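**Q** Sequential numbering from 389 applies to the sequence shown in the numbering used here.
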Amino acid sequence: MSDSEGANNNELLLAAAKQDSEDILEDIFSQPGSYDINHSDSVGNTALHYAAQRGSLTVADLLLQQENIVVNAQNRLELETPLHMAVQYTDDPSVALEIVQLLINNGADPRIQNKNKQRPIQLVVPDNQELKSLLQKATLALQMDTSDIAQDDSDDDDPPSDLSDDDDD
């Protein structure tokens, strides 16, 4: 492609996320097969990384609606996921909270460590207890499995054996 042709859809995808432009995204998404939803730049950031980093809630939501998006992609330099970037967004704590919730609801794993062995919860500003609590709950939910859930072994249809009538017919 020559420079005169402009940016391709993969480059536009990253630009749309950086600029919080849902119009550009919707235009790209109207051309199936013309882009890679997981395209990354030279440092390994995807559009979802940039949306999370810049607090672009609508763009993040649109991206997460796309098939085959990799929510836990780690970039090349810091090995950070979009979740790592979202927790560091401090311009508006309520937006950061919404993006983190959106990422978690779409499979973001709060246990992934960056190159400094930090999980997203370790990057949250100390006074943001609501965000820390959300990440703690998400981590606990991932650590639990069905063996951790109490099972009701009784059969509601059968009375307990010590209370049943003796039927010796």
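Note that CB positions come from ideal geometry on N, CA and C, so glycine has one too. Just so you know, these numbers come straight off a predicted model, no measurement behind them.
Can you tell which of N463, S482 and P420 has the C-alpha that lies nearest to the C-alpha of Y438?
**A** N463
**Q** Tell whether a beta-carbon distance below 9 angstroms holds between V475 and V488.
**A** For V475 and V488, yes; Cβs fall inside 9 angstroms.
**Q** Are E486 and L445 closer than 9 angstroms when you measure CB to CB?
**A** yes
**Q** I425 lies in the alpha helix (DSSP H); which residues open and close that run?
**A** Careful: I425 lies outside any alpha helix (DSSP H) and carries neither H nor E.
**Q** To which residues does DSSP link T434 through a beta bridge?
**A** S428
**Q** Would you check if the distance between the CB atom of L523 and the CB atom of P508 is smaller than 9 angstroms?
**A** yes
**Q** With respect to the alpha helix (DSSP H) encompassing N397, which residues constitute its N-terminal and C-terminal limits?
**A** N397 to Q407
**Q** Helix, strand or coil for L467 per DSSP?
**A** coil
**Q** Whole alpha helix (DSSP H) runs in the region 442-529 with 4 or more residues, listed along the chain?
**A** 445-452, 470-475 and 481-493
**Q** Looking at Y423 and N396, is the spacing between their C-beta atoms short of 9 angstroms?
**A** Yes, these two residues count as a Cβ contact at 9 angstroms.
**Q** Do V447 and A405 count as a contact pair if the criterion is CB distance below 9 angstroms?
**A** yes
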